[in-house]
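S.K.: Residue numbers (the numbering used here), protein chains in the order written: chain V, 622 to 861; chain H, 622 to 861.
Every residue gets a Cβ at the ideal spot worked out from N, C-alpha and C, and that includes glycine.
Here it is in structure tokens:
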């Protein structure tokens with residue numbers, strides 16, 4: 622049995638994207654997993670980093686957000702919405718994000734969930750990153766809906782690579798950074814324009830992926846052992 | 622004389638990042654430009670795409686956000702905060718973004734500014750993208766503060782390339798996509814840890830960049846002429 626946290630944000634609750642999120646919940650619950658589900662629209666989550674979220678600051682004069690995050694966590698004074706998400710992140714071994722691609726990235730609601738809930742000290746900090754991050758040993762999967770078509774991406778595509786290029790900030794810079802093993806993302810291409818049959822086929826594929834996350838390949842990530850104490854690359858001898 | 626729109630979001634108004642935004646405003650105003658400045662914290666900008674921002678929807682039953690954006694714009698019924706930003710974007714020939722790097726991307730406040738204000742029909746749509754986007758002939762510059770150090774980036778760096786890798790979604794996928802000529806970004810490295818003298822030096826460098834945007838090189842972008850009517854790459858004959 623696994624503990625799964627599913628995070629979702631789409632402004633239309635009857636969208637294909639919302640169906641993907643619900644199906645992920647259904648499939649993992651049926652499997653016997655412990656599943657928590659955060660729909661950021663239903664929760665009315667506030668994605669904005671704000672001084673006012675800290676009731677008792679370590680420095681009332683000058684805001685350094687990550688320092689106040691650490692201070693609030695140490696004093697059990699995190700904002701309730703952040704505490705709830707942090708608890709779900711820490712207890713779960715699998716994170717599943719489901720969202721529509723906006724500007725080759727996550728919607729602001731999910732961006733702000735990272736900004737506020739990916740907590741220094743708990744998820745990362747100092748040299749606790751990548752294979753030494755706080756979430757090592759856990760898996761993250763991403764399901765994305767988009768209007769674009771597959772031929773627009775890749776080395777010859779007009780937008781270049783999607784998973785390795787446009788989404789590097791998310792897959793490596795956020796999920797990989799805190800230590801998750803990041804599964805190759807699932808893309809529901811061309812969703813607004815495709816047939817019901819095609820949508821049904823994609824939804825079934827997504828369900829298979831969600832059910833078999835443990836068997837899916839991970840995206841390679843940097844390893845701290847290849848860098849020195851200030852994260853400079855270790856020099857390697859040239860091949861003779 | 623140029624028309625410049627400056628967009629900024631940092632939760633601490635005395636931060637180095639806020640100083641960069643204010644200095645950009647000062648430098649361009651002194652030069653005689655027409656400058657508008659949006660500090661998203663001061664404006665309390667809402668970064669979340671919401672059905673409720675449309676008072677008169679084209680489809681009350683099912684939300685397709687970009688279709689409602691187009692409908693609202695055609696009926697002069699955009700939300701006032703969006704209309705204000707759209708007007709500033711359309712009237713300006715230069716856009717300057719100043720923000721702290723959060724998770725190798727913009728803060729949610731700026732992400733949501735793209736999600737809500739980068740308007741289909743006006744800034745992009747159909748095959749109006751890259752060198753045929755709505756903002757062709759305009760310049761965009763980006764000033765970013767971060768805790769990381771320069772040696773953590775680049776081909777050998779632990780995080781890989783910053784401008785061409787982690788920030789591709791912003792520089793190409795957002796600013797380049799709508800047609801801006803995108804200047805190589807300015808990075809204020811290691812800001813929380815460096816000396817006042819080093820910060821003064823970086824601020825002076827930033828001011829020079831802001832003053833000389835017209836002379837700065839652009840990041841290369843895809844050209845629509847290299848792709849067919851469904852944006853498939855045109856096949857090129859192999860070299861003999």
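Can you tell me whether residue 736(V) is buried or exposed? The criterion is at least 16 other CB atoms within 10 Å of its CB, across all chains shown.
M.R.: Flag for residue 736(V) reads buried.
S.K.: I want to verify the contact list: residues of chain H whose CB lies under 7 Å from the CB of residue 659(V), in sequence order.
M.R.: Neighbours of residue 659(V) on chain H: none; closest Cβ ~15 Å, over 7 Å.
S.K.: Quick check on residue 795(V) - is its C-beta less than 8 Å from some C-beta in chain H?
M.R.: Chain H contact via Cβ: present.
S.K.: With DSSP run on the structure shown, which of helix, strand or coil describes residue 763(V)?
M.R.: The answer is strand: DSSP assigns residue 763(V) an E or B state.
S.K.: So the beta strand (DSSP E) residue 629(H) belongs to, where does it begin and stop?
M.R.: Unbroken beta strand (DSSP E) run through residue 629(H): 624-629.
S.K.: Counting only beta-carbon atoms, is residue 702(V) nearer than 8 Å to chain H?
M.R.: Chain H, which has no Cβ nearer than 8 Å to the Cβ of residue 702(V), makes this no.
S.K.: Determine whether the Cβ of residue 789(V) lies closer than 8 Å to any Cβ atom of chain H.
M.R.: Chain H, which has a Cβ nearer than 8 Å to the Cβ of residue 789(V), makes this yes.
S.K.: How close, in whole Å, do the beta carbons of residue 689(H) and residue 675(H) come, if the pair is a contact with beta carbons under 8 Å?
M.R.: Contact holds; Cβ gap of about 5 Å.
S.K.: Closest by CA to residue 762(H), which one among 790(H), 697(H), 719(H), 729(H)?
M.R.: Nearest C-alpha to residue 762(H): 719(H).
S.K.: Here's the rule I'm using: 16 or more other beta-carbon atoms within 10 Å means buried, otherwise exposed. How should residue 812(H) be labelled?
M.R.: Classification for residue 812(H): buried.
S.K.: Between the stretch 771-783 of chain V and chain H, which residues of the former have CB atoms less than 8 Å from a CB of the latter, in chain order?
M.R.: Within the stretch 771-783 of chain V, the residues whose Cβ lies closer than 8 Å to some Cβ of chain H are 772, 773, 777, 778, 779, 780, 781, listed in chain order.
S.K.: Using beta carbons (cut-off 8 Å, strictly below), is residue 854(H) in contact with chain V?
M.R.: So, interface residue.
S.K.: Pick out whichever of 626(H), 845(H), 642(H) has its Cα sitting closest to the Cα of residue 711(H).
M.R.: It is 626(H).
S.K.: Three or more C-beta pairs under 8 Å: does that hold for the stretch 817-834 of chain H against the stretch 742-758 of chain V?
M.R.: Too few Cβ pairs lie closer than 8 Å, so no.
S.K.: Buried or exposed: residue 663(H), going by 16 or more other Cβ atoms within 10 Å of its Cβ?
M.R.: Result: exposed.
S.K.: Once the 5 residues before and after residue 783(H) are set aside, which same chain residues still bring their CB inside 6 Å of it?
M.R.: 774.
S.K.: Who are the neighbours of residue 633(H) on chain V, taking C-beta pairs under 7 Å?
M.R.: Here the neighbours are 683, 684.
S.K.: Following the continuous alpha helix (DSSP H) through residue 731(V), name the residue where it begins and the one where it ends.
M.R.: That run of the alpha helix (DSSP H) goes 729-738.
S.K.: When burial is assigned at 16 or more other CB atoms within 10 Å of the CB, is residue 776(H) buried or exposed?
M.R.: Per the 10 Å Cβ criterion, exposed.
S.K.: Which partner residues of residue 717(H) appear in the DSSP bridge assignment?
M.R.: Paired residue(s): 627(H), 762(H).
S.K.: Could you check whether the Cβ of residue 675(H) sits closer than 8 Å to any Cβ belonging to chain V?
M.R.: Closer than 8 Å: no.
S.K.: For residue 810(H) and chain V, any beta-carbon pair shorter than 8 Å?
M.R.: Residue 810(H) does not count as touching chain V.
S.K.: CB residue 875(V) to CB residue 828(V), shorter than 8 Å?
M.R.: The first residue shown for chain V is 622 and the last is 861, placing residue 875(V) beyond what the model contains.
S.K.: Please identify, using Cβ separations under 9 Å, the residues of the stretch 728-742 of chain H that lie next to chain V, in order along the chain.
M.R.: Listed by position along the chain: 728, 729, 730, 731, 732, 733, 734, 735, 736, 737, 739.
S.K.: What are the boundary residues of the alpha helix (DSSP H) that residue 817(V) is part of?
M.R.: From DSSP, the alpha helix (DSSP H) with residue 817(V) extends over 817-832.
S.K.: Would you give the residue range spanned by the beta strand (DSSP E) that residue 666(V) belongs to?
M.R.: First-last for residue 666(V): undefined, no H or E at that position.
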